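Just below is one structure, and these are the notes that go with it.
In full-length UniProt numbering, the protein residues as written are 1 to 307.
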């Protein structure tokens, strides 16, 4: 497949009417440009405080993302999950504290250098009107373009591999505007994969997807981690999907860290009650062996015999 894509400047994100900057590879892996290799990059926050206008969302947060692992961030609505991801990708400037990639302050790194190592797929990104799938996915190659450089065979291979991995190759010549919500989400993920970063942040990557495609996307990210050592950090609302696919869970509450660690240690009945205000029963998932949370509401709860 060939492309007439014109290189453009890109940061660490893919957003509205801007070149993309999120991803990892589904094909031949290209080492990152900012030092280290996949699976060895360290991403951490130190005493991070961030918010919007006069509202503080996260205050004095410390955490370390395990390199080369899959981390899922969970928590109630408006607890700061997306804000944390935006701060880690330098879209939001901290009021205090630091976001460090390999010991370097991400907000002081050149945009393209950062985007060759760390990428972000945000919530509900907006594609330029009329753009085709192939061209949108091609924008994931922007961080790898040099001034006056031409589109290369390596770029073609990266785009083709990303389309193939997300099962969107048959959509390549269609306008993104014509796609269903699920198809559009898979195309954005393909663009993220085409960027070939070693650290990939995804904000609710299973949004708009039916359960089959949710599993497909999470399996794809697991393959990416297993085959290339890509560090994956994703926000998920589905606690059971998070526990099944993540090596490391981060539970946020009230603008801070409530718990972090192995899913079995984090996804407990006490944690669910503290973070979500919900009673639950946590059992062992018979399929994965991971914790499985069963919510307890006011209705459709079996009453023990004789009660």
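All residues carry an ideal CB built from backbone N, CA and C; glycine is no exception.
Note that the structure is predicted; figures quoted are calculated from it, not measured.
Residue 183 carries a helical assignment under DSSP once its states are collapsed to helix, strand and coil. Judged by beta-carbon spacing, residue 247 lies within the 7 Å limit of residue 69, meaning their Cβ atoms are closer than that value.
In this structure the region 199–208 does not lie against the region 165–178, because fewer than three pairs of beta carbons, one per stretch, are closer than 8 Å. Cβ contact annotation for residue 93 (same chain, cutoff 7 Å, sequence separation greater than five): 107, in chain order. Scanning its chain for C-beta atoms nearer than 6 Å, with the 5 sequence neighbours on each side dropped, one finds around residue 296 the residues 279 and 280, in chain order. When the alpha-carbon of residue 287 is set against those of 257, 266, 252 and 243, the nearest one is in 243.
Within the region 140–167, the alpha helix (DSSP H) runs of at least 4 residues that lie entirely inside it are, in chain order, 153–165. Contact between the region 249–262 and the region 76–83 is present: 3 or more CB-CB pairs across the two stretches fall below 8 Å. Going by DSSP, residue 222 is part of the alpha helix (DSSP H) stretching over 211–228. Each residue's CA atom was taken as its position, placing residue 303 and residue 241 some 28 Å apart. The three-state reading of DSSP puts residue 138 in helix, counting H, G and I together.
Counting only residues of its own chain and dropping the five nearest sequence neighbours on each side, residue 292 has a CB closer than 6 Å to the CB of 240, 283 and 285.
Straight across, the Cα-Cα distance linking residue 47 with residue 100 is about 11 Å. The alpha-carbon of residue 141 is positioned some 16 Å away from that of residue 128. Remark: three or more beta-carbon pairs, one from each stretch, lie closer than 8 Å, so the region 156–164 and the region 132–141 are flagged as touching.
Under the three-state reduction of DSSP output, residue 105 falls in the strand class.
Between residue 294 and residue 61, the CB-CB gap reaches or exceeds 7 Å. Collapsing the DSSP output to three states places residue 263 in a helix.
In this structure the region 109–120 does not lie against the region 51–66, because fewer than three pairs of beta carbons, one per stretch, are closer than 8 Å. Beyond the five residues adjoining it in sequence on each side, residue 81 comes within less than 7 Å, by CB distance, of 73, 75, 235 and 252 in the same chain, given in chain order.
Taking C-alpha positions only, residue 209 is separated from residue 139 by approximately 23 Å. Here residue 189 is not bridged, per DSSP, to any residue.
DSSP places residue 176 outside any beta strand (DSSP E), giving it a letter other than H or E. Scanning its chain for C-beta atoms nearer than 6 Å, with the 5 sequence neighbours on each side dropped, one finds around residue 232 the residues 70, 200, 221 and 225, in chain order. Of all alpha-carbon atoms in 227, 186 and 195, the one lying nearest the alpha-carbon of residue 212 is that of 186. For residue 246, there is no enclosing beta strand (DSSP E), as DSSP marks it with neither H nor E. Taking 7 Å as the cut-off, the beta carbon of residue 192 is found closer than this to the beta carbon of residue 121. Classified as exposed, residue 273 has fewer than 16 neighbouring CB atoms from the shown chains inside 10 Å of its CB. In the DSSP assignment, residue 281 is bridged to 294. Minimum Cα-Cα distance from residue 84 among the listed residues 175, 180, 173 and 44 corresponds to 44. According to DSSP, residue 63 shares a beta bridge with 45. The C-beta distance from residue 190 to residue 137 rounds to 5 Å, short enough to meet the 8 Å contact threshold.
The C-alpha of residue 126 lies about 20 Å from the C-alpha of residue 87.
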